[in-house]
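Q:
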Amino acid sequence: MSASITRRAALLGGVSLAGGLAAPVIAQNAPIRLGGLTTLEGPFATGGQDSFRCVQMELERINNTVGGRRIEFIRESSNAQADVALARARKLIEQDNVDIILGPLSGAEGIALRDYSRTLTGKTIVNGSSGASDTTLRNPSPNFFRFSTDGTQWMAGLGNHVYRNLGIREVAISAGDYAFPYAQVFGFNLEFCRAGGRVQHYWAPLGTTDFSAQIAQINRSNAGAVVVVHGGTDGLAFMTQYAQAGGNKPLIGGSIMADQTMLSARGPHRRVMVGMLSGGPIADVIDDQNWREFVERYRRRWANEGGFQSPSIHGVNYTTNLYGILAGLRAVDGDLSGNQAAFQRALAAAQVTAPTGAAVRLDHNRQAISDIFLNRIEERDGRAQVVAFDRTPQVNQTLGTPEAQFLALGAPSRDNPGCVPAAT
Amino acid sequence: MRERVLLALGAFALVALLPFLLAAILPANQAQFWTANILGRALVFGIVALSLTFLATYGGFISLAQMMIAGVAGYALAVFVEGAVPRVVGGLGYLAAIPLGLLASTLMGLLVGAIAVRTRDIYLLMITLALAMGVFRFVETNIAWFNGYEGIRNVVGPNVFGRDFRDPWVFFYVALGTAALLLVGVLYLVRSPFGLVLQGIRDNPRRVAALGYNVALHRIAAFGVAGFIAGCGGVLGTIYNIGISPGTIGLGATVNVLIMSVIGGLGHPLGAFLGSLVFTVFDTFAANLYDRDRFNTLIGTVFLVIVLLSPDGLTGLASRLRRLATGRRE
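Which chain is which? The protein sequence lines are A and B, in order. When you line the first sequence up against the UniProt record's numbering, it's residues 1 to 424, in that order. When you line the second sequence up against the UniProt record's numbering, it's residues 1 to 330, in that order.
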């Protein structure tokens, strides 16, 4: 008896659930369901929050409507781990029935979602802020699009600038012993070594706190400059100890070294960091009307709700990718029929202007070709800011090297840091 | 006894028919989602939790290394199987690579058991946690074998009777079959002389030693068995996730397995699966039920309520209700 009641109750519950959640028949006036996937917990939580801030702001700006259809934004969060991101993406696609996913934030998540996108038909995944080059370079997926640039691209122009304009012939590179620094070092070396420069590498595992032995060696060496590619607290530890050891060589930083999280921390590192050069997709100060308006809008919208002084790199990357989606939707008037084939063609052909004012278009792997900024840290308005002083236009994923030749170099690693002289 | 066997068979049949029930009441894509990503995922987690429940219920050992041991199987599979990206060793088919993964996890289980053999209670907890974190950091920084932070991708799984392994139905039934076999295996094992000695060790190791049994050897063997069970979960999980990365065996995942076991209750091996189901449902839908930025609060609250209402988890709650219904007191 009790069993039959349970079954009936379960059936009733199931039917009402199905009625409530059932997907509407695809119709032109039904809203487009856009799933947002970022990391609201874990090491990149602040970047994740900022990416949703920027996306929400830009969707509000167009009144959540594109091509005559409403956009419904469904938020989901992972913790920067690949398997969690995959579970959330599956939920967005299969349970929440979204048409497009915007995300994820970090490298391993991006590769996991790229693999997942290959198993989907009629759905599209557009990157959020993940920057591993292999996501689009090797085994790309036809359903995965990235309107933001990757970690190797972010170093474009820096190697040439150091060799040609600063006249430095030899550098010491201190870098983290994991994927993201490999990609950045690879990008720097590609230009610097081809120009004729010599490099000496000093690797340290993620989480290193004592760099004193490294710094002593670097200070004794002939290196004309130090390239520092560490993330988070490792970078802070290196800079602090470098300042305390009286280091006075010019500094060149990776894209996540020259960042407000480093500059707003107190300590002796601030003294040596002023004047540091770096490369990346954004800066705090860019001489561009688009960027000034974007920053102004961001400050107005979020000043009282926990926003930063200036939008973060993750926020800008998510926004650039959102612009890509909107451009694609506009081109097809919001029509996602035919397994999104027309929409995906429009996405691949979309040309957008990033919040930084950089023009963005996609290559045949659906990876962004865009401008990269050369930045210098300067004291402005009483605080250290990252100021863009030059830009390398239309950097592609192989930094101008023919693709076959670039792929033949192999994936970046500590044994393959990209230092190939011009002769070979 | 016969009644209980019939009841168990009935329950199993009900679970086995669940995908059909779901397909009848839900739209097609949601039925598929529930089949693979709620039930299938819960079964995979449940198998890993089962290895912990087995150790805790019958040996009194709370090991935090079980997720790591599952990961060892997953990594061994990913390293040796053909088609994984990047290719580390490769060359083996799934028929050879999966047993190799299970062998690796069994050996890792034995190793963990051997290292922790002289510790109990909180010290055992700490030493297994330390081993788990050690292996996690190692695979995260080792590029040559485990491809570091990004892990090894594209472990798509074998074809089963001509169908793709990750087909929701195939995956669900393989996971269900594996889980049922392991559960029956555990229930059989604990009634064998080995299992009885294990329970003796749990209750009074000195007396068991005085009877002439080698306590240390039995403990290590129990960890080996748990390693094999966890390895089954690790292999299934790796194929479900199309690969494996260090996050799968990180601190969060390690603690999740403990939470599942405690929610389910450490009194009966079945609790592992109840706990993993509750955990998976909340983990998936918490963001819909509650603020998306704060959904961990909801998961924590559910955990607290269950543990407060019933210190021995859902299985404990069930037997408590049964006692209440029959008016019997202990």
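C-beta: ideal position from N, C-alpha, C; glycine also.
For residue 69 of chain B, which option in B/97, B/90, B/112 has the closest C-alpha, if you only look at C-alpha atoms?
A: The candidate whose alpha carbon is nearest that of residue 69 of chain B is B/112.
Q: Please state whether DSSP places residue 247 of chain A in a helix, a strand or coil.
A: coil
Q: Taking the alpha-carbon positions, what's the residue 315 of chain B to residue 8 of chain B distance?
A: About 15 Å.
Q: Under a three-way DSSP split, which group does residue 385 of chain A fall into?
A: strand
Q: Just the C-alpha distance for residue 30 of chain A and residue 69 of chain A, rounded to the nearest angstrom, thanks.
A: 7 Å
Q: Kindly list the residues whose CB is nearer than 7 Å to the CB of residue 24 of chain B, restricted to its own chain and excluding five residues on each side of it in sequence; keep chain order.
A: none
Q: Using the C-alpha atoms, what's the distance from residue 132 of chain A back to residue 103 of chain A?
A: Straight-line Cα distance between these residues: approximately 13 Å.
Q: Could I get the ranges of all uninterrupted alpha helix (DSSP H) runs contained in the region 184-260 of chain A, with 4 residues as the minimum, in chain order?
A: Scanning the region 184-260 of chain A from its first residue to its last, the whole alpha helix (DSSP H) runs of 4-plus residues come out as 212-220, 232-244.
Q: Specify, as a first and last residue, the run of the alpha helix (DSSP H) that residue 371 of chain A falls within.
A: Per DSSP, residue 371 of chain A belongs to no alpha helix (DSSP H); it is in the beta strand (DSSP E), 368-380.
Q: To which residues does DSSP link residue 145 of chain A through a beta bridge?
A: A/126
Q: Could you give the distance in angstroms between the alpha-carbon of residue 332 of chain A and the alpha-carbon of residue 35 of chain A?
A: One Cα belongs to residue 332 of chain A, the other to residue 35 of chain A, and the distance between them is close to 19 Å.
Q: Please return the same chain residues whose Cβ sits closer than 7 Å to the Cβ of residue 92 of chain A, not counting the five positions on each side in sequence.
A: 35, 37, 74, 76, 98, 101
Q: Who are the near neighbours of residue 170 of chain B in its chain, counting only those whose CB is closer than 6 Å to its CB and skipping five residues on each side?
A: 160, 163
Q: Report, in whole angstroms, the separation of the C-beta atoms of residue 178 of chain A and residue 188 of chain B, which I expect to be a contact under 8 Å.
A: Residue 178 of chain A to residue 188 of chain B, Cβ: 45 Å. No contact.
Q: Within 8 Å, do at least three Cβ pairs link the region 223-231 of chain A to the region 159-177 of chain A?
A: yes
Q: Checking contacts by CB at 7 Å: is residue 94 of chain B closer than that to chain A?
A: no
Q: By the DSSP assignment, the beta strand (DSSP E) with residue 73 of chain A in it spans what residues?
A: Unbroken beta strand (DSSP E) run through residue 73 of chain A: 69-78.
Q: Quick one: what does DSSP say residue 50 of chain B is sitting in, helix, strand or coil?
A: helix
Q: For the beta strand (DSSP E) containing residue 62 of chain B, name the first residue and the last one.
A: Going by DSSP, residue 62 of chain B is part of no beta strand (DSSP E) at all; its letter is neither H nor E.
Q: What are the boundary residues of the alpha helix (DSSP H) that residue 329 of chain A is part of?
A: 313-331
Q: Relative to the alpha-carbon of residue 33 of chain A, which residue among A/392, A/57, A/65, A/106 has its alpha-carbon at the smallest distance?
A: It is A/65.
Q: Please tell me whether residue 391 of chain B and residue 248 of chain B are closer than 7 Å, where the distance is taken between their beta carbons.
A: Here chain B covers residues 1 to 330 and nothing more, so residue 391 of chain B does not appear.
Q: Under 8 Å, with one C-beta from each stretch per pair, do the region 122-129 of chain A and the region 151-159 of chain A reach the 3-pair mark?
A: no
Q: Taking the alpha carbon of residue 238 of chain B as the point to measure from, which residue in B/63, B/67, B/59, B/35 has its own alpha carbon closest?
A: B/67
Q: How big is the Cα-Cα spacing for residue 326 of chain B and residue 318 of chain B?
A: Just so you know, the alpha carbons of residue 326 of chain B and residue 318 of chain B end up roughly 12 Å apart.
Q: Tell me whether the region 256-268 of chain B and the region 132-143 of chain B touch, counting them as touching only if at least three CB pairs, one residue from each stretch, are closer than 8 Å.
A: In short, these stretches do not touch, since the Cβ pair count stays below three.
Q: What does DSSP give as the partner residues of residue 159 of chain B in its beta bridges?
A: B/164
Q: Which two residues bound the contiguous beta strand (DSSP E) that contains residue 277 of chain A?
A: 277-280
Q: Are the C-beta atoms of residue 149 of chain B and some chain A residue less than 7 Å apart?
A: At least one chain A Cβ lies under 7 Å of residue 149 of chain B.
Q: Mark residue 192 of chain B as exposed unless 16 or more other C-beta atoms lie within 10 angstroms of its C-beta, in which case mark it buried.
A: Residue 192 of chain B should be labelled exposed.
Q: Beta-carbon within less than 7 Å of residue 85 of chain A's beta-carbon, same chain only, minus the 5 sequence neighbours each way: which residues are those?
A: Excluding its 5 nearest sequence neighbours in each direction, residue 85 of chain A has C-beta neighbours in its own chain below 7 Å: 37, 78, 104, 109, 112, 113, listed in chain order.
Q: Going by alpha carbons, who is nearest to residue 254 of chain B out of B/300, B/313, B/125, B/34?
A: B/125
Q: Taking its Cβ as the centre, do 16 or more other Cβ atoms sit within 10 Å of residue 309 of chain A, making it buried, or is it exposed?
A: That one is exposed.
Q: Report the option in B/207, B/301, B/284 whose CA atom is closest to the CA atom of residue 33 of chain B.
A: Sorting B/207, B/301, B/284 by C-alpha distance to the C-alpha of residue 33 of chain B places B/284 at the top.
Q: Does the region 262-273 of chain A come close enough to the region 156-165 of chain A to have 3 or more Cβ pairs within less than 8 Å?
A: With a cut-off of 8 Å, the region 156-165 of chain A and the region 262-273 of chain A do not count as touching, because too few Cβ pairs lie within range.
Q: Note down the Cα distance separating residue 56 of chain A from residue 72 of chain A, rounded to an integer number of angstroms.
A: 11 Å
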